[in-house]
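The next block holds one structure in the form of structure tokens; read it before the comments.
Residue numbers (my numbering): 269 to 516.
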């Protein structure tokens, strides 16, 4: 008897992403595991983001006038129908096996409630790319083991590249819309941890823009993310309640 595979919804939340969104959506068209539903949340954009999404084939467009990433995520969650909800940022581009690889990690272990993978840059200098790759092979997996398996307080979950079981996400009440930006993914991982396993899988990577690193500098970006990550893990709250808009 053939086992039924889970249905999949892929979600992109977009605020003023006219420059990047088209390539992101195009990368979802040739997936080896075609998603059953693709949702784009136009999050109060003032550029041509809505027009790009509306012109894309097979995309369900939702307008969310309340600006905020986590608000947009929650709006999409309530509309999504897939067994698995996969999320990527609007400046990401998915390898053609991305959906398949994420789905396989869920299929391989029913205890898995979330899967996340790293992002690799398609528009940055080789030194920066090498440093990030080194982080993905050393610091990230060691931190994941410590937080997930030892402390049991969460996981490494990248907000720009993750999948979650829809029923589990509903069971924890969805996304915490009181969070503006920093720590929203860590907050999600911390609340998901009591419900099952969270997997960090290097082969479930996405390509993404290095625009935040160019705008803010690599060391500053790392400092901001690290202090908010550990603040959320230890104290269940973040230190930085505002963020820099790096769109150009």
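Glycine included, C-beta positions come from ideal geometry on N, C-alpha and C. Model, not experiment: these values are computed from the prediction.
DSSP three-state label for residue 360, please.
coil
What do you reckon, are the CB atoms on residue 359 and residue 277 nearer than 8 Å?
no
Return the chain-ordered list of same chain residues with a C-beta closer than 6 Å to the C-beta of residue 424, the five sequence neighbours on each side being excluded.
408, 411, 412, 468
Grouping DSSP H, G and I as helix and E and B as strand, with all else coil, what is residue 439?
helix
Just to check my reading of the structure: residue 433 and residue 381 have Cβ atoms closer than 8 Å, yes? What is that Cβ distance to the nearest angstrom?
5 Å
Using three-state DSSP, classify residue 387 as helix, strand or coil.
strand
What does DSSP give as the partner residues of residue 310 in its beta bridges?
282, 331
Does the beta-carbon of residue 300 have 16 or more other beta-carbons within 10 angstroms, so that it is buried, or is it exposed?
exposed
I need the straight-line Cα distance from residue 319 to residue 513, nearest angstrom please.
21 Å
With 16 other CB atoms within 10 Å as the buried threshold, where does residue 417 fall?
exposed
Residue 470 and residue 404 look like a contact to me (Cβ under 8 Å); what is the Cβ gap, rounded to whole Å?
6 Å
Coil, strand or helix - residue 392 by DSSP
coil
Candidates 296, 421, 393: which alpha carbon is nearest residue 365's?
296
Report the rounded CA-to-CA distance for residue 491 versus residue 394, giving the unit in angstroms.
21 Å
Strictly by DSSP, which residues pair up with residue 465?
380
Residue 217 to residue 421 span [Cα, whole Å]
With the chain covering only 269 through 516, there is no way to say anything about residue 217.
Here's a check: name, in chain order, each residue in its chain whose Cβ is nearer than 8 Å to the Cβ of residue 428, leaving out the five neighbours to either side.
355, 356, 357, 360, 387, 474, 476
Residue ranges of each beta strand (DSSP E) within the segment 452-499, 3 or longer
465-468, 474-476
Whole-angstrom C-beta distance between residue 308 and residue 327, which should lie under 8 Å:
5 Å
Spatially closest choice to residue 336 from 501, 325, 311, 316, by CA coordinates
311
Judging by CA-CA distance, which residue of 334, 316, 345, 298 is the nearest neighbour of residue 442?
345
Tell me which same chain residues have a C-beta within less than 8 Å of the C-beta of residue 461, skipping the five on either side of it?
416, 420, 421, 422, 423
In the DSSP assignment, find the beta strand (DSSP E) that holds residue 430 and state where it starts and stops.
429-433
Residue 447: which of 504, 385, 466, 322 sits nearest, CA to CA?
504
DSSP state of residue 353, grouped into three classes?
strand
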